[in-house]
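From first to last, the protein sequence lines stand for chains W and V.
The first sequence begins at 11 in this note's numbering and counts up by one.
The second sequence begins at 140 in this note's numbering and counts up by one.
Glycine residues also receive a C-beta, built at the ideal position from the N, C-alpha and C atoms.
Quick caveat: nothing in here was measured; it's all calculated off a predicted structure.
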Amino acid sequence: MSLASTPAAALAPPAMGRVAAASWRTRFEGQTGLLLLSPAVLFVTVLLIVPTLEMLSASIQTQDVAGSIGRPFTARHFVRLVEVPLYRDVLVATLRIAATTALLAAVIGFPIAAVIARGHPTAARCVNIIIVMPLVVSIVVRAYGWQLILANGPNGVVNVVGSWLGFGRVSVRMLYTEAAVVVGSLHVFLAMMVLPLASSLARIPRSLEEAARTLGASSLRIFWKVTLPLCLPGLSVGLTLVFTLTASSFVLPVILGGNKSQMLGQLLEQQATAVFDWPFSAAIAIVMVVMIFAVNALSLWFIRRQLNAGAIEAQS
Amino acid sequence: MSADERMAGPWAVAAYVVTALAMLFILAPILVTIALSISDSPFVTFPPKGFTLGWYAKVLTDEYFLTSLVTSIEIAACATLAALILGVPAAYAVVRHPFAGSGVLQEVVLSPLIFPVLITGLVLVKFFAGWGMQNAFPNMILAHTLVTLPYVVRTVAASLILSDRSLDEAARTLGYGPLQTFFRVTIPQIAPGLAAGALFAFMVSLDNFPISMWLIDARTVPVPIMLFQSMSRLFDPSIAAMSGVMILIGTLAVLCLEKLVGLRRAMTM
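So, in structure tokens, the structure goes:
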């Protein structure tokens, strides 16, 4: 009997084909996730990650007079940023403006978050809309509004109101100072503080504060010992967001700070578009990115530690 | 929330007062801009005098502004579409077909969000120059797709997590193919999130300054850049009117978001 005439042999090829198809299909199904995710990953890698690595390598190389980048490797662009007083001032001013804005946002943001999380529902809804709405109004438009309000002449809104109140024709000259940049940044980034704080506050069981009150703690003590510690995750998210967004902003210092108050973003733009010093611009950019990632990592570490501590306390 | 769980007492009064002042602070620049945009005076002076819609009429027939507005809308629409095409499958993969390493890859896709936008622009302008890509319009679309992609992925992933997976499985059991299930069962479930993600992406693109700044040429000038350039050139209330038009577009977007998913949810996604 020849092999081909057995029913089993006759069936074999199609059956094997089916098995192959099925295994191909399971293999494909295992890869579905990768297949769907890879276009987006590829897009970001090609447009952002690889060029960023190239920038990193440019920041430690030397640019010759013709503008081409090459050896020798050097750290002098970073050293320059710290050693040259003009550049160091910009770095320090950036940190100072960002820190001031973040702290002010926390102080103003807390009562607003409290109203959103625990206030009258109608008030909470209104506040929420007013906090979120400016987010979709262009930063340029908002900076323009602040320019009108803070204008140094007798036409500035603050000065007009000041003269109505009897403070003289021009009582405030705030535009084109660091203070104006802080005011504008606070306006633009306040929502980034209020929203995480409000969601942190909303999660605190009121019974904890009630218990503290029953045991005789004053309102202030309850705030310091119960409410604030439990809000720390939201607070640190808010501080991180406001600090990093302010430190890396460009539009606000240009429109509200003028030439006097220079921040890293302005310095970067000048070095890249007017001076064409690519390695130095790359070094400034790297410093900004590292600063932002460091603050993010620090805040993440802090939140994790807080949550772990909370979990341990709950267990004991 | 029951009434006795709400805050009360002197601290609550203080919180309301501070909040009221903060609301004034937040609304002030927007209200001042709108007030001056309807001021019947050839210069920007406060307090506004009289009432006119003349500045809006001037702006809405100004070719420079209209060209810029159309450019902005075209870029935002193309970037949003591209971000949806790349982002929806990515979000679906992360939520429904996670695999070893998909978490890291998700971070890669979301990375434009924590990367300072100004530096994303610098990196891109170098990238385009290196590849000899000198056409501002397509460059701008690619750049805006990059920064809007994370918004789409985040919003769509959040709605997918909330959607009911068993409905999809039921559809598969009843004989729908994977694509049919996706378009007929999954998409209708996540439609509000999808629309919110698209709207977010559109608004982020429309508002973008720090990336567009690096990529403009004489013919491709989005509205934020055009407004910025006009601020040192025009001293009449027409800039306020242009700002008014942009404020109107933003307000409409917020109302849509509130209708689609509710503001609180949209902001925490």
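- For R358 (chain V), there is no enclosing alpha helix (DSSP H), as DSSP gives it neither H nor E.
- Neighbours of F260 (chain W) in chain V, taken as residues at a C-beta separation under 7 Å, are given in chain order as L257, P349.
- In this structure, the CA atom of F290 (chain W) is about 8 Å from the CA atom of F88 (chain W).
- Counting C-beta atoms within 10 angstroms of its own C-beta, Y195 (chain V) has 16 or more neighbours from the protein chains shown and is therefore classed as buried.
- By the CB criterion at 8 Å, A123 (chain W) and A208 (chain W) fall inside the cutoff.
- Look at the beta carbons and you see the segment 288–301 of chain V touching the segment 239–251 of chain V: at least three pairs across the two are nearer than 8 Å.
- Here A282 (chain W) has S291 as same chain residues with Cβ atoms under 6 Å from its own Cβ, once five neighbours each way along the sequence are excluded.
- T72 (chain W) is bridged by DSSP to W:G80.
- Beyond the five residues adjoining it in sequence on each side, G275 (chain W) comes within less than 7 Å, by CB distance, of S258, S259, F260, P263 in the same chain, given in chain order.
- Within the model, the alpha-carbon separation for V125 (chain W) versus V247 (chain W) is close to 19 Å.
- Secondary structure note for W150 (chain V): its alpha helix (DSSP H) is the uninterrupted segment 149–176.
- Judged by beta-carbon spacing, A174 (chain V) lies within the 8 Å limit of P187 (chain V), meaning their Cβ atoms are closer than that value.
- Within the model, the alpha-carbon separation for T187 (chain W) versus E219 (chain W) is close to 43 Å.
- If only complete runs of 4 or more residues are kept, the segment 316–387 of chain V shows the alpha helix (DSSP H) at 317–320, 326–346, 351–354, 362–370, in order along the chain.
- Annotation for V243 (chain V): the continuous alpha helix (DSSP H) segment containing it runs 241–249.
- At a beta-carbon threshold of 7 Å, the residues of chain W lying near S382 (chain V) are V151, Y154, ordered along the chain.
- Contact annotation: in the segment 106–126 of chain W, residues whose CB is within less than 7 Å of a CB in chain V are I118, P121, I122, A124, V125.
- The Cβ-Cβ distance between A161 (chain W) and L266 (chain W) does not fall below 8 Å.
- For the pair I232 (chain W) and I165 (chain V), the Cα-to-Cα distance works out to about 30 Å.
- Within the same chain, and ignoring the five residues on either side of L263 (chain V) in sequence, the residues whose Cβ sits closer than 6 Å to its Cβ are A282.
- With a cutoff of 8 Å on beta-carbon distance, L257 (chain V) and V150 (chain W) are scored as not near each other.
- Looking at the backbone, the Cα of H197 (chain W) and that of F83 (chain W) are separated by about 43 Å.
- The C-beta of K197 (chain V) comes no closer than 8 Å to any C-beta of chain W.
- Nearest in C-alpha terms to F348 (chain V), of all of W:V182, W:V94, W:A153, W:V170, is W:A153.
- Residues of the same chain with a CB within less than 6 Å of the CB of A229 (chain V), apart from the 5 flanking positions on each side, are V248, V292 in chain order.
- Taken through DSSP and simplified to helix, strand or coil, Q280 (chain W) comes out as helix.
- About 5 Å separates the beta carbons of M342 (chain V) and A392 (chain V), which is inside the 8 Å limit, making them a contact pair.
- If you draw a straight line from the Cα of F204 (chain V) to the Cα of P277 (chain V), it is about 21 Å long.
- In this model, S210 (chain W) and C241 (chain W) are separated by some 5 Å (Cα to Cα).
- Here the alpha carbons of H236 (chain V) and E279 (chain W) stand approximately 42 Å from one another.
- For F53 (chain W), a Cβ of chain V is located within less than 8 Å of the residue's own Cβ.
- Cβ atoms of L225 (chain V) and P49 (chain W) come within 8 Å of each other, at about 5 Å.
- Spanning the alpha carbons of P61 (chain W) and S195 (chain W) requires a straight line of approximately 29 Å.
- Inter-segment contact for the segment 287–306 of chain W and the segment 66–85 of chain W is present: three or more beta-carbon pairs are separated by less than 8 Å.
- Counted as a single uninterrupted DSSP element, the alpha helix (DSSP H) harbouring P289 (chain V) occupies residues 275–301.
- Look at the segment 244–256 of chain V: the residues with a C-beta under 8 Å from a C-beta of chain W are L244, Q245, V247, V248, S250, P251, I253, F254, P255, V256.
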